[in-house]
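Engineer: Numbering-wise (the working numbering), the sequence shown opens with residue 15 and increments by one.
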Amino acid sequence: MNIYEVLNKVIVNKRYELSSGLFDDKYRDELIEKDVKLFDLLKNISSIGTEIHNSSIIFHPMFTMADGRKTFSVEDITEEDFSMLEALDFNRVPLVLRVLISDILWSQRKVYFAAKVAAETYWDLFKLWFTEDDNVGTINMVRRAVCISIQIKHESLFSDICAWVNDFISQKAVMIDGFFSLRLMELFAEQKRYDVSAFPDILDQMISSDNDNVSKVEQAYELKAFCYNKLKKSEEVKKTNIALADYYVRFAEQTVQRDMLGAMRAGNFFLKAIVLYRNSGEKQKAENTHRR
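If you want it as structure tokens, here you go:
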């Protein structure tokens with residue numbers, strides 16, 4: 015067998031399924047000789063983990079020992095290794111491995127064609143994995159697809175993503191449980207060319223529908239203020255911050271009566287409210303909250 019036949023035999027395009035453990039020696043023994051070294055390299059690369067943020071990715075080894083020793087990392091990839099990776103036929107590599115290799119080539123070597131492969135594959139994986147009932151981890155696929163498409167000016171891909179996002183936010187964002195919608199809106203609010211004028215109304219609906227979830231409400235208010243700031247609506251920013259402070263006070267008053275832990279949490283919310291009131295010029299509200 016050649017390397018592509020082996021890869022497609024052992025790897026499935028599911029979340030969290032890629033690991034070096036898939037590369038069993040029995041498959042190595044079946045390979046044609048010229049692909050053995052590549053097999054060993056891909057096995058090592060498959061052990062690398064990632065930490066994805068809105069504008070960056072960090073590759074890390076699977077394990078780092080107390081004495082500094084670690085498993086395979088991107089720093090261990092040699093010039094010869096990079097040459098082998100660049101020579102791959104990415105269309106024949108399973109998506110979950112394709113996206114890791116191509117992003118390494120882009121992030122570590124600035125290989126342009128690999129960036130295009132990575133951005134498109136991240137988006138393909140998102141569309142493959144995302145459902146309204148199960149979206150865990152899928153936001154990272156969007157983050158990298160957006161980040162790379164902007165870096166390389168892949169306009170058609172970015173437009174496709176924006177079209178999906180616009181439709182999702184206008185029709186489904188409020189109904190989806192968890193923090194996926196907020197994370198998605200945060201990501202696009204940070205993009206210079208993206209119009210966030212529709213976001214505040216959506217965020218208001220999210221706040222109303224999940225008012226007991228203090229973490230979610232807090233983030234929704236903060237994102238709303240960010241959007242108004244981006245839209246240069248300073249008065250709306252102020253009103254939003256005051257509304258968040260009012261929410262903190264109401265939530266604290268409900269929490270303080272429960273138990274000792276509730277009282278401690280309430281104190282923290284009162285302090286947050288005081289800071290927001292003072293920064294918004296509401297000195298009397300700040301003083302009243304301080305007395306509480």
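Glycine included, every Cβ here is placed at the ideal spot set by N, Cα and C.
Under 8 Å, do ASN68 and CYS176 count as touching if we go by C-beta distance?
Structural biologist: Taking the first residue of the sequence shown as 1, we reach residue 68 at position 54. Taking the first residue of the sequence shown as 1, we reach residue 176 at position 162. No, these two residues do not count as a Cβ contact at 8 Å.
Engineer: Please return the same chain residues whose Cβ sits closer than 7 Å to the Cβ of SER116, not counting the five positions on each side in sequence.
Structural biologist: The count along the sequence shown starts at 1 and reaches residue 116 at position 102. These residues qualify, in order along the chain: PHE104, ALA128, VAL131, ALA132, THR135.
Engineer: Just how far apart, CA to CA, sit ILE62 and GLY151?
Structural biologist: Position 48 of the sequence shown, counting from 1, holds the residue named residue 62. Position 137 of the sequence shown, counting from 1, holds the residue named residue 151. Whole-angstrom Cα-Cα distance: 17 Å.
Engineer: Suppose you measure from the CA of MET155 to the CA of LEU285; what does that come to, to the nearest Å?
Structural biologist: Start at 1 with the first residue of the sequence shown, and residue 155 comes out as number 141. Start at 1 with the first residue of the sequence shown, and residue 285 comes out as number 271. Answer to the nearest angstrom: the Cα atoms are 37 Å apart.
Engineer: Starting from PHE73, follow its DSSP beta bridges and name the residues at the other end.
Structural biologist: Residue numbering aside, residue 73 sits at position 59 when the sequence shown is read from its first letter. THR64, per the DSSP bridge assignment.
Engineer: If you follow the alpha helix (DSSP H) that GLN298 is part of, which residue opens it and which one closes it?
Structural biologist: As a working note, residue 298 is residue 284 in the sequence shown. Element bounds for GLN298: 297-305.
Engineer: Is LYS124 helix, strand or coil when you go by DSSP?
Structural biologist: By 1-based counting over the sequence shown, the position of residue 124 is 110. The answer is coil: DSSP assigns LYS124 none of H, G, I, E or B.
Engineer: Have a look at GLN268 and ILE288 and give me their C-alpha separation to the nearest angstrom.
Structural biologist: What you label residue 268 is simply residue 254 of the sequence shown in a count that begins at 1. What you label residue 288 is simply residue 274 of the sequence shown in a count that begins at 1. If I take the Cα positions, the gap works out to 17 Å.
Engineer: Taking just the CA atoms, how far does ALA159 sit from LEU196?
Structural biologist: Translated into positions along the sequence shown, residue 196 becomes position 182. Translated into positions along the sequence shown, residue 159 becomes position 145. In a straight line, the C-alpha of LEU196 is about 18 Å away from that of ALA159.
Engineer: If I measure Cβ to Cβ from VAL107 and keep anything under 8 Å in the same chain, skipping five residues before and after, which residues do I get?
Structural biologist: Stepping through the sequence shown from its first residue, residue 107 is reached at position 93. Excluding residues within five positions, the ones whose Cβ falls inside 8 Å are TYR18, LEU21, ILE115.
Engineer: According to DSSP, is LYS246 helix, strand or coil?
Structural biologist: The residue labelled residue 246 in the question sits at position 232 within the sequence shown. Coil at LYS246, not helix or strand.
Engineer: On a Cα-Cα basis, can you pick out the residue from LEU111, VAL50, PRO75 that is closest to VAL24?
Structural biologist: If you number the sequence shown from 1, residue 24 lands on position 10. Of the candidates LEU111, VAL50, PRO75, the one whose C-alpha sits nearest the C-alpha of VAL24 is LEU111.
Engineer: Would you mind stating whether VAL251 and TYR242 have Cβ atoms separated by less than 8 Å?
Structural biologist: Residue 251 sits at position 237 when you count from the first residue of the sequence shown. Residue 242 sits at position 228 when you count from the first residue of the sequence shown. The answer is yes: Cβ separation under 8 Å.
Engineer: Quick check on GLU296: buried or exposed, where buried means 16 or more other Cβ atoms within 10 Å of its Cβ?
Structural biologist: The sequence position of residue 296 within the sequence shown is 282, counting from 1. GLU296 is buried by the Cβ-count criterion.
Engineer: Between the alpha carbons of THR78 and SER184, how many angstroms are there, rounded?
Structural biologist: Taking the first residue of the sequence shown as position 1, residue 78 is located at position 64. Taking the first residue of the sequence shown as position 1, residue 184 is located at position 170. So the two alpha carbons sit approximately 44 Å from each other.
Engineer: Starting from PHE172, trace the alpha helix (DSSP H) both ways and give me its first and last residue.
Structural biologist: On the sequence shown, position 158 is the one that residue 172 refers to. Element bounds for PHE172: 169-185.
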